[in-house]
Every structure is written in structure tokens, then in C-alpha cells.
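Just so we're aligned, residue 1 is where the sequence shown starts under full-length UniProt numbering, counting upward by one.
For glycine and all other residues, C-beta sits at the position ideal for the given N, C-alpha and C.
None of these values were measured; they are calculated from a predicted model.
Quick notes on the structure that follows.
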Amino acid sequence: MITALVVDDVAVVRMVITKILKRAGHQALTAETGAEALTLAQSHAVDVLITDIWMPDMDGIELLKQFKTRFPRVGRVAMSGGSPINALDDSLSTAVSAGASVVIMKPVDKNELLLAIDNALAAVGANPERGQP
């Protein structure tokens, strides 16, 4: 079982991802903002971050940078529902440069999400079944 921190400014997205995680036997913490996510990560053992790229205030790119620096053993998954068409490819590559191990598109597919989590955990050397070593 892992603990995932799901960050998205859209409540329905947080709810859908939380349901997928719980049905897979995992725990989920949720945050609406990047600042809230950082606070939760300081007070809870988090195995993987799943964050939207496009959010008000602190966007997912900045949040990924913060996690890469402050919580390097936490797996990082970025997700995007899209943006202005010309900027989408740039934002996805920027997310990887900022520290995302995996980037997925919304709407989120259950199998794709669970595979992304496993890959993100493997990228930071964590065991997907037991969380961080």
C-alpha cells in the first residue's frame, strides 16, 4: 500500500483519482493548491505526488520543482487535461524537466494511472508495494 498526494484545483478530479487509488488498496491525501500540498507533505509520509500542471497560484511545475528538491524520494506524476494547443507539448516537457518521472493526460485512465505510479516510484528507487525504502 502506498500513500499518494493528489493535487488538483478541480474537486471532481481529486475525487476520481482518490477512488481509483482506494480501489487499488492505496491511501490518498488530497490538496486543492500547491501550498496545501507542501504542508501535507511535511506532516504525512507521502510515497507519490500526483499533480495537475495547470493550477492557479502555485502551478504544478513549481510544485514538482519543490518536491524534487525537498522530497527527492517521493515519486512524481504530472497530469494535464490540456492547455492552449500550442503550449501543450511544451508544458509536458517542462513538467519532466521540473521533476516529473511520468506525465499522463486527463481524463485519467485507471490502468495508466496505476502504471504511472509504479514507474514514478521506481524512478526514485521506492518499492511500489511498500512505499519508500
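Quiz item: For residue 15, which option in 25, 32 and 70 has the closest C-alpha, if you only look at C-alpha atoms?
Solution: When C-alpha distances from residue 15 are compared across 25, 32 and 70, the shortest belongs to 32.
Quiz item: What is the rounded straight-line gap between the Cα of residue 36 and the Cα of residue 58?
Solution: Their Cα atoms are separated by approximately 10 Å.
Self-check item: Residues bridged to residue 24 [DSSP beta-bridge criterion]
Solution: Its beta-bridge partners do not exist; DSSP assigns none.
Quiz item: Quick one: what's got a C-beta closer than 6 Å to residue 27's C-beta in the same chain, skipping five residues either side?
Solution: Non-local beta-carbon contacts of residue 27 in its own chain, meaning distances under 6 Å to residues more than five positions away in sequence, involve 3 in chain order.
Practice problem: Would you list the one or two residues that DSSP bridges to residue 75? | Solution: Residue 75 is bridged by DSSP to 48.
Exercise. Pick helix, strand or coil for residue 100, following the three-state DSSP scheme.
Key: Here residue 100 sits in coil by DSSP.
Exercise. Find the nearest neighbour of residue 66 within the set 80, 56, 81 and 49, judged by alpha-carbon distance.
Key: When each option's Cα is compared against that of residue 66, the closest is 49.
Quiz item: Just curious, the alpha helix (DSSP H) that residue 39 is in, first and last residue?
Solution: In the DSSP assignment, residue 39 falls within the unbroken alpha helix (DSSP H) covering 34–43.
Quiz item: Buried or exposed: which applies to residue 12, given that a residue is buried once 16 or more other Cβ atoms fall within 10 Å of its Cβ?
Solution: With fewer than 16 other Cβ atoms within 10 Å, it is exposed.
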